[in-house]
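The structure under discussion appears below in the form of structure tokens.
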Amino acid sequence: MQDNQMTSEEIVDRYFLEHRAKVLDIAAFLDRIDRSGSKEKDFRIIALLKCIDELQSGDENRTKRILELLSDHSVEPIDIASTKGASGAPPTS
Amino acid sequence: MMAYIDPHIHMVSRTTDDYQRMAQAGCVAITEPAFWAGFDRSSSQGFFDYFRQLTDTEPKRAATYGIKHHCWLCINPKEAEDVGFAREVISIIPEFLDCPTVLGIGEIGLNKNSKNELIILEEQLALAESTNQLVLVHTPHLEDKLKGTNLIMDAIDNTSLDPTRVLIDHVEEHTIKSVLDRGFWAGMTLYPDSKCTPQRAADCIEMYGTERLWINSAGDWGPSDPLAVPKCRLELASRGHSEELINTISFGNPLDFLSKSGKFSIS
Ligand SMILES: [Zn+2]
């Protein structure tokens, strides 16, 4: 395969601040939902929190594992497409 | 400046400023698949006009900026739930297939993975089979992608289509390996909020190599970036990848796949 030419230190130097900001965005997003006062957790937020747990479990293929957590794992075509959009998380996760 | 090809972009939704910026960034050719316009057309005549725009108007607009324009024709999966309507649209495709800039059938595929979408996908695969066309495949969004990609690959396996003449687009980390392992070409779409970012696409190239793989912007009327391909090239260069690798993923590979149509040219 094609090796990335950067050392791990160079990778951290280059991308750390960008991803630090992304973690803060997630934290602020969750705080914003809490401040709205709703007790019920949206299925998408439940899925997002599962993804955050997944980040910490094991070292390999985090991106693939998270995409799989966010996927519909049924195999048969559905009867009718009643909407065009996708929500980003499987409805029953 | 190295030339590049953006093999999937919806220029009918973009401005001439975008053409100019793409040309300035090194774009020499694009291919434009037929897709959903953001609303449902009210008649098959709407598609006839759209196909004229793709085969006649858009190549002229692109030529102003020295960019070669080719296209793919189909009814997209978002308008395929009404099977009767979809069949009307399919019936007008053959008269356009001889146009010198039409490269094949696309972007066909699935959206919500419904039974009717699958029927219309199969009928368009049959059209590609009987007319010996290349195929460009759209895979579903977000939670529907994994299931849809598998259903699509199974449907293609049930035809006599050669997988090396089919490109399955919008792959991500959970679908790229199975698409490549089953012999298809794969496309990574560089989007700001969904699909792949330029950084993740560069990661996939590092993990899976460049064989049978291309990158595209899929720029359209939604959040998207018509300069995503040069941004990914920059990302690869900044990580120390060779000019050869960058050229392969953003020029050589699209040239190889598109040339199988016998109609693609950059001059
Ligand atoms: Zn598209």
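Quick mapping for you: the protein sequence lines, in order, are chains W and L.
For the first sequence, our numbering assigns the number 59 to the initial residue and increments by one for each residue that follows.
For the second sequence, our numbering assigns the number 3 to the initial residue and increments by one for each residue that follows.
The C-beta atom is built at its ideal place from N, Cα and C for all residues, glycine as well.
Nothing here was measured: the structure is a model prediction, and the numbers come from that model.
Taking a cut-off of 5 Å from the heavy atoms of ligand 1, the residues with a C-beta inside it are 37(L) and 220(L). In the same chain as residue 249(L), and ignoring 5 residues on each side of it, the C-beta atoms closer than 7 Å to its own belong to 4, in chain order. If you look at residue 70(L), you'll find it in the beta strand (DSSP E) that goes 70 to 75. DSSP, read as helix, strand or coil, puts residue 190(L) in strand.
Counting along the chain, residue 133(L) sits inside no beta strand (DSSP E); it lies in the alpha helix (DSSP H) bounded by residues 117 to 133.
Of all residues in the region 84 to 105 of chain L, none is placed with a Cβ closer than 7 Å to any Cβ belonging to chain W. Below 8 Å, too few C-beta pairs join the region 102 to 109 of chain L and the region 125 to 133 of chain W to call them touching: fewer than three.
Taking a Cβ-Cβ threshold of 8 Å, none of the residues of chain L is close to residue 83(W); the smallest such distance is about 13 Å. Between residue 115(L) and residue 146(L), the C-beta gap is smaller than 7 Å, which places the two residues in contact. By the Cβ-count criterion, residue 235(L) is buried, with 16 or more other Cβ atoms from all chains shown falling within 10 Å of its own Cβ. Nearest Cα to residue 29(L) within the set 133(L), 44(L), 48(L) and 9(L): 9(L).
Here residue 108(L) is bridged, per DSSP, to 138(L).
Taking 9 Å as the Cβ-Cβ cut-off, the region 108 to 134 of chain L approaches chain W at 112, 113, 114, 115, 116, 117, 118, 119 and 120, given in chain order. Contact between the region 222 to 238 of chain L and the region 130 to 147 of chain L is not established, with fewer than three Cβ pairs separated by less than 8 Å. With respect to chain L, the C-beta atom of residue 66(W) has no partner C-beta closer than 7 Å. The beta-carbon distance between residue 83(L) and residue 118(L), rounded to whole angstroms, is 5 Å. This is short enough to meet the 8 Å contact definition.
Cα atoms of residue 262(L) and residue 204(L): separation of roughly 26 Å, rounded to the nearest angstrom. Non-local beta-carbon contacts of residue 101(L) in its own chain, meaning distances under 7 Å to residues more than five positions away in sequence, involve 57 in chain order.
Close to chain W, meaning a Cβ-Cβ distance shorter than 8 Å, are the following residues of the region 142 to 159 of chain L: 142, 143, 144, 145, 146, 147, 148, 149, 152 and 153. Taking the C-beta atoms as reference points, residue 110(L) is found no nearer than 7 Å to residue 88(L). Chain L places a beta carbon closer than 7 Å to that of residue 63(W), counting this residue as a contact.
Within the DSSP secondary-structure output, residue 6(L) pairs in a beta bridge with 29(L). Pairing residue 160(L) with residue 41(L), the inter-Cα distance amounts to about 32 Å.
With fewer than 16 other beta carbons inside 10 angstroms of its own, residue 79(W) counts as exposed. Residues of chain W whose Cβ lies closer than 8 Å to the Cβ of residue 80(L) are, in chain order, 142. When the alpha-carbon of residue 167(L) is set against those of 153(L), 188(L), 19(L) and 211(L), the nearest one is in 188(L). The count of Cβ pairs closer than 8 Å, one atom from the region 215 to 224 of chain L and one from the region 10 to 23 of chain L, reaches three, so the stretches are in contact.
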